[in-house]
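For the sequence shown, my numbering begins at 95 and goes up steadily by one.
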Amino acid sequence: MAIDIKQLDSLVAGKAPQEIIQQALEANDNAFITTNFGPYSSVLLHMLTQVKPDIPVVWIDSGLNKPETYEFAETTIEELDLNIKIYTPRITAARLEAVMGGIPGLNESRHEDFTEQFKLEPFKRAMKEHQGSTWFSAVRREQTKVRASMDYVSAGPFGLSKVAPLLDWTQDDMEQYIDAFDLPNETEYFDPTKAQAHRECGLHTLAVEH
95 MAIDIKQLDS LVAGKAPQEI IQQALEANDN AFITTNFGPY SSVLLHMLTQ
145 VKPDIPVVWI DSGLNKPETY EFAETTIEEL DLNIKIYTPR ITAARLEAVM
195 GGIPGLNESR HEDFTEQFKL EPFKRAMKEH QGSTWFSAVR REQTKVRASM
245 DYVSAGPFGL SKVAPLLDWT QDDMEQYIDA FDLPNETEYF DPTKAQAHRE
295 CGLHTLAVEH
């Protein structure tokens, strides 16, 4: 069921994340959430599983995460009983290291291809399988310049409606929620496709017409 994106965005503007989630699910409960199991990712996972316990949780696992991230992912999957759906690159991390020169730096010409192969291709594959769904994302305005100007509800690629319940939340808000519900967290996350904390990797800038 398609939703009226502009109408829903106006309806939920400035509301608490839980209200945004409820309104979005009422408009279209064919929904999923993406996660990278980075810092504070347990917040939105917890909020959503409180109202929709079986919501599909899409994880693009590049195979290049730190051990701490994998440990955090396993803990969170178990504690929240997540309906996890894992998508991996068609190229293994071992092959990348052995014959493709390893992880490229941001200024290397092959970084764009690396990002496509290890982040965007599996992401697009996942999005195609959820066409017409409501996509919940934990993006926040304070994270990047791109995210600072995002709407609460917007058109995503592959006919998706993207909902960002935590858009206005700050790091302090996230920490308070984690403390209040005694949720797991981790701070060692590193994404080699972004390399820098305030840089976009491309997931949230994909053209709507994909």
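Note that the Cβ used here is the ideal one computed from N, Cα and C, for glycine as well.
Note that the structure is predicted; figures quoted are calculated from it, not measured.
For residue i, three-class secondary structure by DSSP
{"i": "V233", "result": "coil"}
{"i": "Y271", "result": "helix"}
{"i": "Y134", "result": "coil"}
{"i": "K213", "result": "helix"}
{"i": "H125", "result": "Per the sequence shown, the amino acid found at residue 125 is Ala instead of His. A125 falls in the strand class under three-state DSSP."}
{"i": "P147", "result": "coil"}
{"i": "Y181", "result": "strand"}
{"i": "A167", "result": "helix"}
{"i": "V302", "result": "Legend: pLDDT at V302 = 47, less than 50; position of this residue unreliable, no value from coordinates given."}
{"i": "K222", "result": "helix"}
{"i": "I97", "result": "coil"}
{"i": "A187", "result": "helix"}
Residue from the options whose Cα sits closest to the Cα of residue i
{"i": "A188", "options": "G157, T169 and T143", "result": "G157"}
{"i": "E165", "options": "G195, P278 and P286", "result": "P278"}
{"i": "D262", "options": "L176, F252, V247 and P251", "result": "V247"}
{"i": "Q116", "options": "P259, W153 and F275", "result": "P259"}
{"i": "S255", "options": "D276, Y271, T238 and M221", "result": "M221"}
{"i": "P147", "options": "G132, E173 and W153", "result": "E173"}
{"i": "T143", "options": "I197, D273 and D123", "result": "D123"}
Within 8 Å, strictly: CB atoms of residue i and residue j
{"i": "P216", "j": "T182", "result": "yes"}
{"i": "A179", "j": "V151", "result": "This sequence places Lys at residue 179; Ala is not what is there. Cβ atoms of K179 and V151: closer than 8 Å."}
{"i": "E269", "j": "E162", "result": "no"}
{"i": "Q230", "j": "V193", "result": "Reading off the sequence, residue 230 comes out as Phe, not Gln. Against a cut-off of 8 Å, the Cβ pair of V193 and F230 comes out as no contact."}
{"i": "T170", "j": "L176", "result": "yes"}
{"i": "I99", "j": "A249", "result": "yes"}
{"i": "K160", "j": "F275", "result": "no"}
{"i": "F252", "j": "Q225", "result": "yes"}
Whole-number beta carbon distance between residue j and residue i, since they are thought to touch under 8 Å
{"i": "A125", "j": "T228", "result": "4 Å"}
{"i": "A121", "j": "I154", "result": "That belief does not hold up - the Cβ atoms of A121 and I154 are roughly 26 Å apart, past 8 Å."}
{"i": "L190", "j": "G199", "result": "Contact doesn't hold; Cβ gap of about 14 Å is too wide."}
Original post:
Does the pairing of the stretch 205 to 212 with the stretch 231 to 248 give three or more beta-carbon distances under 8 Å?
Top reply: Result no; under three Cβ-Cβ pairs closer than 8 Å.
Original post:
Pairing CB atoms from the stretch 95 to 111 with CB atoms from the stretch 127 to 136, are three or more of them under 8 Å?
Top reply: The stretch 95 to 111 vs the stretch 127 to 136: no contact.
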